[in-house]
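The UniProt record's numbering numbers the first residue of the sequence shown as 1 and each following residue consecutively.
From the three backbone atoms N, C-alpha and C, an ideal C-beta is built for every residue, glycine too.
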Amino acid sequence: MMTVKHGGNREQIAAKTGIAADKLVDFSANINPLGLSPKMKQVLADALDEVVYYPNPDYPELKQAIGQHFNVTANNVFVGNGAVQMIFDAATALKAREALVLVPTFGEYERSLTRAGAHVSHFKLKPENDFAINVDKLLTFLDAHSEVDLICLCNPNNPSGQMLLPADVKTIAEYCRTHHIWLIVDEAFMDFVEGDRLSVIPHLDDRDPVVVIRSATKFFAIPGLRLGFLVTKNPVLRTKLSEQEEPWTVNIFAQRFGEKMYQDTEYITKTQQWLGQEKQYLFNALQQISYLTVFPSRVNYYLFRSDIVNLREKLWQSGIMIRDCSDYVGLDGHYYRVAVRSHEENQQLIAGLKALL
């Protein structure tokens, strides 16, 4: 089975370069650079005394808090140890035979579906269209491939940062409903788009054969804590997911964090202000570097193409880590992804790139 590389492995790069891990600026993982909210740090500290007890395996308060935020009932919510677990859970529950993945995209979809016994085929997105999804072309492809019984859609897409609006996702969902196809929509980065106003969740009803996967990791800067969740209004899907759910997939710290995270409005506002300023700055600065072709993005990262050989390794000498995208289906060693970070760090990245001219 395929293996998938991920960004954020500072220890590995530190060992290769001799630079201390805490001195490396990590643009390879798309994590909120504001770091852990002081308010939420206190929530984690307060949970320490609870580690001597099993969490309630039904997680009623956590599901209630998430459901309230998305205006769905608690029984529409499933929780787990990061969004990746939710991807694997959905793949296992849906038991697809012929799955379609829109590439380039996050590699764990294909890995999870293959492990669950599906044959995976690809719908290729093109660089000349900025890797955008043309819904009409996708539906035409599906008409010609009636064997497809599951589609996996990353929205906004990783690594391209492109996304479909809710009406377009709903169009795909309606096609899936009439053609008996399951639809997984991964919205792991949707919190970063226009105050999370473009999620498809409010537009779904219980007839839609759709699961929406979400992550608390990126926006709330908790990759080491692990909290992901899944929302579906479809009763058949809920039953399938319940049947193979494991107990205690969320530890007490992640549980308490998730119960309070959407109440931390100060942190949420600060994050939106930071991104509003830095996203455009970084895009403009990257575009001015002659050897890069930068693709537009709706989220907190940019995909670019470069003809400089071993660009990632050359930036290590400046203490900068970027994501090599050669392991994404449909991309090669010329493609890289960088996260939007603090202004000072973004300037450091631009200086490092300019130094290679």
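- In the three-state DSSP reduction, A29 falls in the coil class, being neither helix nor strand.
- 7 Å or more divides the Cβ of L282 from the Cβ of N300.
- DSSP places W274 inside the alpha helix (DSSP H), whose first and last residues are T265 to Q287.
- In this chain, the alpha helix (DSSP H) harbouring A254 covers I252 to K260.
- D205 sits in coil when the DSSP states are folded into three classes, being neither helix nor strand.
- Approximately 27 Å separates the beta-carbon atoms of T140 and A116; this is outside 8 Å, ruling out the contact.
- Rounded to whole angstroms, the separation of the alpha carbons of A83 and R214 is 6 Å.
- Here E266 is actually not in contact with H343; their C-beta atoms are around 20 Å apart, not less than 8 Å.
- Excluding the 5 residues flanking it on each side, S112 has same chain C-beta neighbours closer than 6 Å at I87, F88 and A91, in chain order.
- With a contact defined as Cβ atoms closer than 8 Å, T217 and P223 qualify at about 5 Å.
- Straight-line measurement puts the Cα of C176 at about 8 Å from the Cα of D208.
- Between the alpha carbons of D324 and K23 lies a gap of roughly 20 Å.
- According to the DSSP secondary-structure assignment, E98 is paired through a beta bridge with H119.
- Remark: fewer than three beta-carbon pairs, one from each stretch, lie closer than 8 Å, so the region 344–352 and the region 177–189 are not flagged as touching.
- For the pair V193 and R298, the Cα-to-Cα distance works out to about 6 Å.
- Under the DSSP assignment, R177 falls in the alpha helix (DSSP H) whose first and last residues are P166 to T178.
- Residue burial annotation: D186 is buried, with at least 16 other C-beta atoms found within 10 angstroms of its C-beta.
- Residue L241 holds the alpha-carbon nearest to the alpha-carbon of N75 among I320, L241, S318 and G330.
- Unbroken alpha helix (DSSP H) stretches of 4 residues or longer found wholly inside the region 203–250: 235–243, given in chain order.
- In terms of Cβ geometry, L349 and I320 form a close pair [threshold 7 Å].
- For E259, the CB contacts under 7 Å within the same chain, skipping 5 residues up- and downstream, are E61, L62 and A65 in chain order.
- Take V43, set aside five residues on each side of it, and the residues of its chain with a beta-carbon closer than 7 Å to its own are R256, F257 and K260, in chain order.
- Boundaries of the beta strand (DSSP E) around I151: L150 to C154.
- Leaving aside the five residues that flank D58 on each side, none in its chain has a CB nearer than 7 Å to its CB.
- In this structure, the CA atom of A355 is about 14 Å from the CA atom of A285.
- Non-local C-beta neighbours of D196 in its own chain, meaning closer than 8 Å and more than five positions away in sequence, comprise M190, ordered along the chain.
- Annotation for D332: S326 place their beta carbon closer than 7 Å to its own, counting only its chain and skipping 5 residues before and after.
- The alpha carbon of R305 has as its nearest neighbour, out of W316, E313 and Q287, the alpha carbon of Q287.
- Where R312 is concerned, the enclosing alpha helix (DSSP H) starts and stops at L311 to W316.
- The alpha-carbon of A339 is positioned some 5 Å away from that of N30.
- By the criterion of a C-beta distance shorter than 8 Å, I19 is surrounded in its chain by I13, W316 and G319, once the five residues flanking it on both sides are discounted.
- For L227, same chain residues with a beta-carbon under 6 Å away, outside a window of 5 residues either side, are A216, A254 and G258 in chain order.
- With a cutoff of 7 Å on beta-carbon distance, H122 and V103 are scored as near each other.
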